[in-house]
Ligand SMILES: Cc1cc2nc3c(=O)[nH]c(=O)nc-3n(C[C@H](O)[C@H](O)[C@H](O)COP(=O)(O)OP(=O)(O)OC[C@H]3O[C@@H](n4cnc5c(N)ncnc54)[C@H](O)[C@@H]3O)c2cc1C
Ligand code: SF4
Ligand code: FES
Ligand code: FES
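Residue numbers (the UniProt record's numbering), protein chains in the order written: chain A, 1 to 329; chain B, 1 to 198.
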């Protein structure tokens, strides 16, 4: 690991000033991803600005009945918060499905959104990787890619974003607030992650030196759910996941939110599926047709075509559960 | 302003760590993890290093009362926080020498074989019981709605909540029993204390 200096910020302006948009500096949240990548030599910052003491650890109900979540709220506090559990159950479930109790106590909302891919070539500095070393190539396309993307990828990078939390945030139309030396800014989560194209090393639309300060959720359908599939029952990254919220009246879909995890370089909002569902009967046939509409765009590689079937089945299962939960109440 | 500040470019520094109720002053290279500072500088070797990458839970301890991984935490970033390691969970003061109920349960129910993962398991279990008592849901919780009736700490809940602690010996069955027993004994004790106070 390269040597680095360490400073603790106590206010937002001070944190942004300390970082000073320096490409050699990093904000330190829980450190669960950054410190790990520093050990692996993937990240080698010269300066760290610790942001855990910033007054950004609150969760407030907004005027319109949404929620504003501070960037340094820990994953544990987010999942346990009564208003999150009441209004955005899928968000609580998504966070609880990720990592472990210890890691969730350390990990922050901002850090979770900015965590890097778990692609094995990315974390192995002896291997080429376009994301880590632009222009060096992508060994995953021909190599190990069982957990690679099936949507929105390019020949330059097929890695998936590993966040569970982000999938629920995508379904709930989250807006990310940030601060730079120039002032405050906002990005809808839909615009937060950049398309892969030929620049997989550029992951977000955040301006240089930006500090994420909060994530805001507008009101959403009350019935929501997150389901994650992984290679063991717990403490593993997703190989596919679905966050969904559903509002049905008289057997017809009034409102639906659907997002997929572990299928793309970012949490994947399933807009084609949503469009197919709106106004359709809330029944298994429509759920299947919606999944097919979304997954028609899938481009699987040699070893990850299972994800198409997995996501189709997951979509039908989660929407069916939500539909049944609604009629049971 | 930043450049004139001498600490801005220092890559090591003097810190004070609060561990098990005691203050320790030491100078650390900023690269030092809390785990290495405890084991190699403060001779507190109870906290174990398994993977050093957040994947096994052997290095679990409590920071400000919450279970955390010391291998992904920088020592310098732990300054000012209250750290409790396995060396500090047993009774202090009047209860000196008395094992923590979770430690006692691990002994009674054979919650270990080689013992390497055990300090992490015990620190984690202490927090699991508190988190559950505080009403925190888990991925095994059927309904996360805050109005839902509280779920008992079933073996399924324990397995899910303890999933961040791996055991290469596979002592899981008895670990789950030990945690369940400690939680029950704690609930009985709490009820007794409440009665005594009433
Ligand atoms: C063994 C293991 C298993 C895991 N399993 C899962 C899983 O199943 N699902 C899942 O979703 N995640 C999982 N994770 C990942 C974990 O959720 C992330 O590491 C964590 O959320 C990152 O948050 P952090 O606060 O620790 O970020 P840090 O490591 O502190 O930071 C990550 C990045 O974000 C930047 N950053 C942090 N905060 C801000 C901010 N406010 N503004 C601007 N930049 C910021 C940092 O500079 C850094 O570049 C796992 C991690 C481990 C180690
Ligand atoms: S998939 Fe992306 S992260 Fe993985 S090796 Fe290819 S370029 Fe690197
Ligand atoms: S040593 Fe920290 S989790 Fe394995
Ligand atoms: S008792 Fe040996 S690793 Fe758990």
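In this text, a Cβ means the ideal position worked out from N, Cα and C, and glycines have one as well.
Within 7 Å, strictly: CB atoms of residue i and residue j
i	j	result
residue 196 (chain A)	residue 157 (chain A)	yes
residue 150 (chain B)	residue 85 (chain A)	no
residue 153 (chain B)	residue 181 (chain B)	no
residue 223 (chain A)	residue 246 (chain A)	yes
residue 117 (chain A)	residue 159 (chain A)	yes
residue 12 (chain B)	residue 29 (chain B)	yes
residue 124 (chain B)	residue 159 (chain B)	no
residue 314 (chain A)	residue 227 (chain A)	yes
residue 164 (chain A)	residue 97 (chain A)	yes
residue 243 (chain A)	residue 80 (chain A)	no
residue 221 (chain A)	residue 173 (chain A)	no
residue 5 (chain A)	residue 9 (chain B)	yes
residue 332 (chain A)	residue 282 (chain A)	Outside the displayed range of chain A (1 to 329) lies residue 332 (chain A), so it cannot be described from this structure.
residue 121 (chain A)	residue 140 (chain A)	yes
residue 122 (chain B)	residue 103 (chain B)	yes
residue 179 (chain A)	residue 211 (chain A)	yes
residue 42 (chain B)	residue 70 (chain B)	no
residue 105 (chain B)	residue 178 (chain B)	yes
residue 88 (chain A)	residue 164 (chain B)	no
residue 289 (chain A)	residue 276 (chain A)	yes
residue 70 (chain A)	residue 113 (chain A)	no
residue 49 (chain A)	residue 17 (chain A)	no
residue 140 (chain B)	residue 156 (chain B)	yes
For residue i, the residue or residues it bridges with in DSSP
i	result
residue 255 (chain A)	A:247
residue 228 (chain A)	A:241
residue 160 (chain A)	For residue 160 (chain A), which the question treats as bridged, DSSP gives no partner whatsoever.
residue 60 (chain A)	A:68
residue 83 (chain B)	B:19 and B:63
residue 193 (chain A)	A:204
residue 50 (chain A)	A:8 and A:28
residue 154 (chain A)	A:157
residue 74 (chain B)	B:33
Neighbouring residues, chain A, relative to residue i (Cβ below 9 Å)
i	result
residue 53 (chain B)	36, 39 and 40
residue 137 (chain B)	79, 80, 85, 92, 93 and 96
residue 128 (chain B)	101
Partner residues on chain A for residue i, Cβ-Cβ distance less than 8 Å
i	result
residue 30 (chain B)	3, 4, 5, 6 and 48
residue 145 (chain B)	85, 86 and 89
residue 201 (chain B)	Residue 201 (chain B) cannot be examined here, being either before or after the span of chain B that is shown, 1 to 198.
residue 60 (chain B)	102
Under the three-state DSSP convention, the category residue i falls into
i	result
residue 213 (chain A)	strand
residue 87 (chain A)	helix
residue 1 (chain B)	Any reading at residue 1 (chain B) must be qualified, since the residue scores a pLDDT of 42, below 50, and its modelled position is unreliable; the value itself is stated next. Correct three-state label for residue 1 (chain B): coil.
residue 125 (chain A)	coil
residue 173 (chain A)	coil
residue 96 (chain B)	coil
residue 36 (chain A)	helix
residue 306 (chain A)	helix
residue 299 (chain A)	coil
residue 14 (chain B)	strand
residue 188 (chain A)	strand
residue 183 (chain A)	strand
residue 265 (chain A)	coil
residue 320 (chain A)	helix
residue 195 (chain B)	helix
residue 208 (chain A)	coil
residue 25 (chain B)	strand
residue 177 (chain B)	helix
residue 223 (chain A)	coil
residue 108 (chain A)	strand
residue 19 (chain A)	helix
Chain-ordered chain B contacts of residue i [CB-CB under 8 Å]
i	result
residue 28 (chain A)	74 and 77
residue 165 (chain A)	The premise fails here: residue 165 (chain A) is roughly 13 Å from chain B at the closest Cβ pair, so nothing lies under 8 Å.
Proximal residues of chain B, C-beta to C-beta of residue i below 9 Å
i	result
residue 103 (chain A)	54, 68, 69, 72 and 164
Neighbouring residues, chain B, relative to residue i (Cβ below 7 Å)
i	result
residue 234 (chain A)	139, 160 and 163
residue 309 (chain A)	Near residue 309 (chain A) there are no residues of chain B at all, since even the closest Cβ is about 24 Å away, more than 7 Å.
residue 100 (chain A)	57, 163 and 164
residue 32 (chain A)	54 and 72
Amino acids of chain A, ordered along the chain, whose beta-carbon sits closer than 7 Å to that of residue i
i	result
residue 10 (chain B)	5
residue 157 (chain B)	What residue 157 (chain B) touches in chain A: nothing, since even the nearest Cβ is about 11 Å away.
### Query
Does the count of Cβ pairs from the stretch 27 to 45 of chain A and the stretch 106 to 113 of chain A closer than 8 Å reach three?
yes
### Task
Evaluate the contact criterion for the stretch 105 to 113 of chain B versus the stretch 160 to 173 of chain B: three or more CB pairs, one atom per stretch, below 8 Å.
yes
### Message
Counting beta carbon pairs with one atom in the stretch 51 to 71 of chain A and one in the stretch 181 to 193 of chain A, are three or more of them shorter than 8 Å?
### Response
Contact between the stretch 181 to 193 of chain A and the stretch 51 to 71 of chain A is absent, because fewer than three Cβ pairs lie under 8 Å.
### Task
State whether the stretch 60 to 70 of chain A contacts the stretch 89 to 99 of chain B, with contact taken as three or more CB pairs (one from each stretch) at a distance under 8 Å.
Because the criterion of three Cβ pairs below 8 Å is not met, the stretch 60 to 70 of chain A and the stretch 89 to 99 of chain B do not touch.
### Task
Examine the Cβ distances between the stretch 137 to 153 of chain A and the stretch 257 to 277 of chain A and report whether three or more of them are shorter than 8 Å.
yes
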